[in-house]
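Take a look at the structure set out below.
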Amino acid sequence: MTEDREIRLSFERADEIHDGLDRAVDALIESAAADVNCGILVTRNEPGSYTVAFDESVPFGQTREAIAA
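Mapping of the sequence shown onto the working numbering: residues 3 to 71, in sequence order.
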């Protein structure tokens, strides 16, 4: 995936996660190319580690969550 389609985040404190993920989703939406026609998937990779990315399995205009670990 290209850099403008994915953001990887790490948090040390639980109270940082919600705002951090919201900012990442907003940044991804703002950087979206005109040809992006899918939604956003927020994946918890492990405790404190997340990926926010465009994903073709998510309908355009929606944001979904997944847990990888």
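Where a beta carbon is used, it is the ideal one built from N, C-alpha and C, also for glycine. These numbers come from a predicted model, not from an experiment.
- In the structure shown, R25 adopts helical secondary structure according to DSSP, grouped into three states.
- Nearest to P61 by alpha-carbon distance, out of L11, D17, V38, is V38.
- A55 is bridged by DSSP to E8, L43.
- Within the same chain, Cβ atoms closer than 6 Å to the Cβ of S51 are found at S12, the five residues on either side in sequence being excluded.
- In this model, R66 and D21 are separated by some 16 Å (Cα to Cα).
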